[in-house]
Amino acid sequence: MTTKRYSSDDAELDAFYGDIAARDLQPLWEMRGLLTKSPSVATLPHRWDATELNKLATRSGELVPIDRGGDRRVLALSNPGLGGAPYVSSTLWAAVQYLLPGELAPAHRHSPAALRFILDGDGVYTVLDGDPVTMSKGDLVLTPAWAFHEHHNPGSKPMMWLDVLDLPVVASLDAVFFEEGPSEEADQSTARRSASERIYGQGPGLVPVRPDLVAQPKAHSPLTVYRWADTDAALAAQLEMNDSGHAHLRFRDPTRDRDVMPTLRCEMQRLVAGASTPGDRQTGSRVCAVLSGSGRVDIADQTFTLAAGDIFVVPSWATHRLHAESDLDIFTTSDAPVLEALALYRSEQVDLA
Ligand code: GTQ
Ligand code: FE2
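Counting with this note's numbering, you get residues 1 to 353 for the letters of the sequence shown.
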């Protein structure tokens with residue numbers, strides 16, 4: 001018997017509770033907080049400060065060789081509400097990864113999907129199933145589930161970036177698989193543009209017809225990198241089209257009506273100085289990162305100041321509102337496609353003072 005034993009002041013009922021516990025059974029009628037009116041969420045609103053993240057990542061580079069633990073030098077953002085779990089929310093892993101000049105984080109693949117958002121710097125390239133993709137400030141790089149990936153820093157300066165994975169979702173479904181890659185010396189070629197971009201990222205609405213270039217249908221976008229120049233232009237163009245001072249766009253699979261990956265939604269927002277977003281809340285959790293600018297975010301009953309490089313988490317169903325002090329660019333990723341696929345997605349605007 002390892003299950004919880006309920007107790008009662010009534011001796012007969014108490015004996016009954018002993019007997020059912022001995023058979024690994026529990027009485028629903030004694031349970032509280034199972035079917036709550038609205039989500040009961042352990043994940044807490046939290047913001048990690050850019051200056052601290054940079055300092056601590058730099059120290060990890062001085063102290064820890066790349067080959068210790070998963071061949072990645074990664075600091076996981078651990079949500080203070082999750083009892084020490086290395087998860088930024090109940091459904092998302094978020095981390096900063098740090099790679100020194102000359103280092104290689106060797107190839108592996110896993111069933112959890114990942115993405116990288118580059119908050120600063122350049123010089124690193126990642127190889128996705130053989131396709132080298134350079135990483136620079138503002139770029140979004142996908143690492144779809146089960147794609148081999150390795151990171152190279154052939155440059156002269158260290159680089160840090162944000163990783164987000166759907167690991168807690170996949171782990172809770174007992175579906176984590178991992179495999180090391182072939183250990184032969186990796187291809188050092190740094191193609192200026194990945195094959196993925198040359199085939200699927202050449203222009204809006206343009207897709208290949210030649211059968212030798214059309215990608216096999218996969219569960220994710222065939223475009224694996226979304227360049228900052230394109231995102232920046234799209235945000236600027238939206239701002240020209242309305243006077244709200246708020247641009248908001250979503251990264252999509254260019255060939256199908258869906259998000260970039262089956263478990264992760266990616267969006268970018270720009271607020272001009274002085275602008276605010278309408279308040280909102282949604283089921284599922286969001287991880288946001290400040291690419292540039294300053295301001296603040298209200299999450300539930302807390303307010304956090306925001307500066308470039310800060311990373312914060314918005315728990316499920318927590319109200320959320322952004323305010324820009326200077327022009328503010330914010331990347332957001334969430335588990336929304338998972339909730340949508342299961343018909344559990346809810347969102348609404350909320351009037352916040
Ligand atoms: O870069 O391959 O933050 O496998 C966590 C797990 C990064 C990676 C993480 C990973 C990686
Ligand atoms: Fe990985």
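We put the beta carbon where it would ideally sit given N, CA and C, even for glycine. These numbers were taken from a predicted model, which means no experiment stands behind them.
Test item: CB-CB of residue i and residue j under 8 Å
i, j, result
"residue 100", "residue 124", "no"
"residue 349", "residue 274", "no"
"residue 168", "residue 92", "yes"
"residue 200", "residue 207", "yes"
"residue 289", "residue 119", "yes"
"residue 142", "residue 224", "yes"
"residue 226", "residue 140", "yes"
"residue 107", "residue 165", "no"
"residue 219", "residue 131", "no"
"residue 246", "residue 283", "no"
"residue 235", "residue 270", "yes"
"residue 292", "residue 325", "no"
"residue 332", "residue 264", "no"
"residue 318", "residue 307", "no"
"residue 70", "residue 78", "no"
"residue 285", "residue 43", "yes"
"residue 198", "residue 146", "no"
"residue 228", "residue 138", "yes"
"residue 249", "residue 268", "yes"
"residue 105", "residue 59", "no"
"residue 117", "residue 161", "yes"
"residue 126", "residue 103", "no"
"residue 82", "residue 56", "no"
"residue 33", "residue 158", "no"
"residue 320", "residue 256", "no"
"residue 28", "residue 309", "no"
"residue 16", "residue 111", "no"
Among the options, nearest to residue i - alpha-carbon criterion
i, options, result
"residue 163", "295, 339, 96, 73", "96"
"residue 335", "179, 293, 94, 58", "94"
"residue 261", "194, 337, 203", "337"
"residue 314", "179, 45, 26", "45"
"residue 4", "170, 24, 146", "24"
"residue 152", "146, 145, 134", "134"
"residue 296", "284, 283, 237, 312", "312"
"residue 8", "328, 30, 2", "30"
"residue 328", "241, 203, 35, 305", "305"
"residue 345", "353, 316, 352, 148", "316"
"residue 272", "340, 173, 13, 242", "242"
"residue 205", "215, 253, 182, 341", "253"
"residue 90", "216, 170, 310", "170"
"residue 22", "13, 2, 36, 41", "2"
"residue 387", "340, 232, 172", "What the structure shows of the chain is the stretch from 1 to 353, and residue 387 is not part of that stretch, so it cannot be assessed."
"residue 302", "352, 148, 266", "352"
"residue 136", "203, 65, 193, 244", "193"
Residues sharing a beta bridge with residue i, DSSP
i, result
"residue 93", "165"
"residue 324", "295"
"residue 128", "131, 149"
"residue 173", "Residue 173 pairs with nothing; no bridge assigned."
"residue 354", "Any answer about residue 354 is impossible in this case: the structure gives the chain only from 1 up to 353."
"residue 279", "350"
"residue 44", "None; residue 44 has no bridge partner."
"residue 99", "159"
"residue 287", "313, 333"
"residue 136", "122"
"residue 259", "252"
"residue 225", "141"
Any non-hydrogen atom of the ligand NAD closer than 7 Å to residue i Cβ
i, result
"residue 149", "This structure simply doesn't include the ligand NAD; it includes the ligand GTQ and the ligand FE2 instead."
Endpoints, alpha helix (DSSP H) assigned at residue i
i, result
"residue 228", "228-240"
"residue 142", "Not the alpha helix (DSSP H): residue 142 falls in the beta strand (DSSP E), residues 140-143."
"residue 18", "11-22"
"residue 63", "50-63"
"residue 73", "Element bounds for residue 73: n/a, residue is neither H nor E."
"residue 198", "195-200"
Limits of the unbroken beta strand (DSSP E) element including residue i
i, result
"residue 347", "347-350"
"residue 338", "Note, residue 338: premise wrong, no beta strand (DSSP E); alpha helix (DSSP H) at 336-341."
"residue 318", "No beta strand (DSSP E) holds residue 318; DSSP gives it neither H nor E."
"residue 180", "178-180"
"residue 109", "104-110"
"residue 305", "302-306"
"residue 192", "No beta strand (DSSP E) contains residue 192, which DSSP labels as neither H nor E."
"residue 269", "265-271"
"residue 246", "246-251"
"residue 115", "114-117"
In chain order, what residues have a CB nearer than 5 Å to some heavy atom of the ligand GTQ? 72, 74, 95, 163
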